[in-house]
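Following: one structure in structure tokens, then a few remarks.
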Amino acid sequence: MVQDLEAKARELDAQTARAKDLPTTKRVLAKQQKTVAENLRRQAAGSIMFFDKPAVAAPLVPMIADRASGCNLYDLDGNEFIDLHMGYWTQIIGHAPSVVVEAVKREIERGTTIGVGNTLEIELAEFLIEHIECAEMCCLAISGTSALMHALKLARASRGRPKIAKFANAFHGHDADLVVDLPEFRHGLAATDDTLVLPGTPEAFDLIRKHADELAGVVIEPAPPVRDPRPSYDLAFYKELRRVTADLGIVLIFDEVLRGFRCRFGATLGDQVVPDLACFGKIIGGGLPVAAVVGRRSVMSAGATSGNALRDLSGGKVALVGTYNGNRIACAAGLAHLKYIKDHQDEIYPYLREKAHWLGKEINAHASEHKLPIESLVLEGGMVMVKGRPPTSPMHPAVLLQTYLRDQGCFFSGAPIQISTAHRPSDLERISAAFKAAMANLVADGAAPTAA
Ligand SMILES: Cc1ncc(COP(=O)(O)O)c(C=O)c1O
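Mapped onto our numbering, the consecutive letters of the sequence shown carry residue numbers 720 to 1171.
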């Protein structure tokens, strides 16, 4: 297995070296000279390349942003790109929306007031409780990962059981208990046998029943995971999961970090399947770090202080803490973002859906015109995944497309594309034309991926 990986890694190095010599790569690097120089400075200074940014800065063409506005991202050389990444899918109404910018400006002048209460955290919690079916209480956090960590603690404390179950291949942030089956995240972490990894099939229900005595919670996204979209995750599957966990007194945790408020205003499945806890992030912060775990009082109250520390200790409460939890600047941004989306939801969600389907079809048409083993998969919420078909070679076609689309004025990170309402029809036409030209250039440069 390791040898296999090593051989693939060598092949990838060789492909990367070849790709660096391609005329298109050279053209992009020449256009982004300041960006490239700054990236080298960063490396020389010892700044670590974050694992979640290889798509942004490596392996071929770096991207260090100067600023972003609407659907555009600007690099250090002043090049304008249409952004297909949108801040890790956080900005569905575009970058720097004026409502968010104004809210942040207003609040920053009043001081950050960290560590004491503020009215905006109360207002945001009230807002989430009002709009999310399972939410009777809310605890704010600053990242999806930290919200999930809170959720696991709440499940364990409220049930008095040690184990958590998750579905294979699903990403739920980088808490050690939730990455046991994800090779790229689990290295360097202490091994844990507190996690049960479930298959994305009905056999999962048998496993849950078998381990019920030790299972505190089951974590799942309310939609097929982006890493591994499976047809078996349909509504019936979620309903059965709800039934089984409720019967066994296991806390059902929906990870809504990616999906929440993206497909509709509120929780993804609305009142069709109501979990015990749900974790939100991304969109609820409007680009600033806000996340939340919300849920039923019977579970959430395990994290609520009585105001008497001794009573909390003897009552087996868990501490859900964090310096920046509920900070006023981020809460102001999140509230402004959510309120705008709420007021314009009838235009926003149909637009994202319709345009994602349109772009997905365009990409597929261009790929088949150029006989490339590339296809798109449209996800709910304005997202379009571009992938190789079937897995081609160590260099995922999306890596090459990053470079070729950059050449065409689009910033594509390799991760699923996020359309926002700031991507107007003319921008979408330009994106489609960019894909077409990028694919033609891949063929012309002799760099087109081939099916394995
Ligand atoms: C489904 C899901 N859960 C959790 C997370 C982790 O969120 P964060 O990166 O804010 O910690 C992510 C991040 O992309 C995610 O997609």
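C-beta: ideal position from N, C-alpha, C; glycine also.
Check your reading: residues with Cβ closer than 5 Å to ligand 1 heavy atoms: Residues flagged by the Cβ proximity filter: Ser862, Gly863, Thr864, His891, Gly892, Asp974, Val976, Leu977, Gly1000.
Those residues which DSSP pairs with Tyr793 across a bridge: Taking the sequence shown and counting its residues from 1, one reaches residue 793 at position 74. Its beta-bridge partners are Arg786, Glu799.
Pro994 burial status per 10 Å Cβ neighbour count (16 or more: buried): Numbered from 1 along the sequence shown, position 275 holds the residue referred to as residue 994. It is buried - the Cβ of Pro994 has at least 16 other Cβ atoms within 10 Å.
Is it the case that the segment 1058-1070 contacts the segment 1121-1135, given that we only count it when at least three CB pairs across the two stretches are under 8 Å? The segment 1121-1135 vs the segment 1058-1070: no contact.
Counterpart residues of Gly936 in DSSP-defined beta bridges: In the sequence shown, residue 936 corresponds to position 217, counting from 1. The bridge partners DSSP lists for Gly936 are Ile883, Val970.
In chain order, which beta strand (DSSP E) runs of at least 3 residues are fully inside the segment 989-1041? Correct list: 996-999, 1010-1014.
Among Leu977, Leu839, Met856, which one has its Cα closest to the Cα of Ala942? Taking the sequence shown and counting its residues from 1, one reaches residue 942 at position 223. Answer by Cα proximity: Leu977.
Ala1052 vs Ala860 beta-carbon contact at 8 Å: Here residue 1052 refers to the residue found at position 333 of the sequence shown. Here residue 860 refers to the residue found at position 141 of the sequence shown. In this structure, Ala860 does not lie closer than 8 Å to Ala1052 by Cβ.
Quick one: Cα of Arg1016 to Cα of Glu855, how far? By one-based count along the sequence shown, residue 1016 stands at place 297. By one-based count along the sequence shown, residue 855 stands at place 136. Rounded to whole angstroms, Arg1016 to Glu855 spans 6 Å at the Cα level.
Rounding to the nearest angstrom, what Cα-Cα distance links Asp894 and Ala909 in this structure? The residue you call residue 894 lines up with position 175 of the sequence shown. The residue you call residue 909 lines up with position 190 of the sequence shown. Distance between the alpha carbons of Asp894 and Ala909 is about 11 Å.
Give a yes or no on whether the C-beta atoms belonging to Ala1141 and Ile812 are separated by under 8 Å. In the sequence shown, residue 1141 corresponds to position 422, counting from 1. In the sequence shown, residue 812 corresponds to position 93, counting from 1. Contact flag set, yes.
Determine, using beta carbons only, whether Val937 and Ala884 come nearer to each other than 8 Å. Within the sequence shown, residue 937 is the residue found at index 218, counting from 1. Within the sequence shown, residue 884 is the residue found at index 165, counting from 1. Yes, these two residues count as a Cβ contact at 8 Å.
What's the C-alpha gap between Ala776 and Ala1028? Numbered from its first residue, the sequence shown carries residue 776 at position 57. Numbered from its first residue, the sequence shown carries residue 1028 at position 309. Here the model assigns Ala776 a pLDDT of 47, short of 50, so the residue's position is not dependable, and the following value carries that caveat. The alpha-carbon atoms of Ala776 and Ala1028 are separated by roughly 47 Å.
Applying the 10 Å Cβ sphere with the 16-neighbour rule, what's the burial state of Asp912? Translated into the one-based positions of the sequence shown, residue 912 becomes position 193. Burial state of Asp912 is exposed, judged by a 10 Å Cβ sphere holding fewer than 16 other Cβ atoms.
For Thr743, is the classification buried or exposed, using 16 other Cβ atoms within 10 angstroms of its Cβ as the cut-off for buried? Here residue 743 is taken as the residue at index 24 of the sequence shown, counted from 1. When all chains shown are included, Thr743 counts as buried.
Name the residue from Glu845, Ala874, Leu915, Ser865 whose alpha carbon lies nearest to the alpha carbon of Ala889. Translated into the one-based positions of the sequence shown, residue 889 becomes position 170. Looking at the Cα atoms, Leu915 is the closest of the given residues.
Suppose you measure from the CA of Gly1133 to the CA of Val1105; what does that come to, to the nearest Å? In the sequence shown, the residue the question calls residue 1133 occupies position 414. In the sequence shown, the residue the question calls residue 1105 occupies position 386. As the crow flies, the alpha-carbon of Gly1133 is around 7 Å from that of Val1105.
Can you have a look at Ile827 and say buried or exposed, based on whether 16 or more other CB atoms are within 10 angstroms of its CB? Your numbering for residue 827 matches position 108 in the sequence shown. Counting of Cβ neighbours within 10 angstroms places Ile827 among the exposed residues, the total staying below 16.
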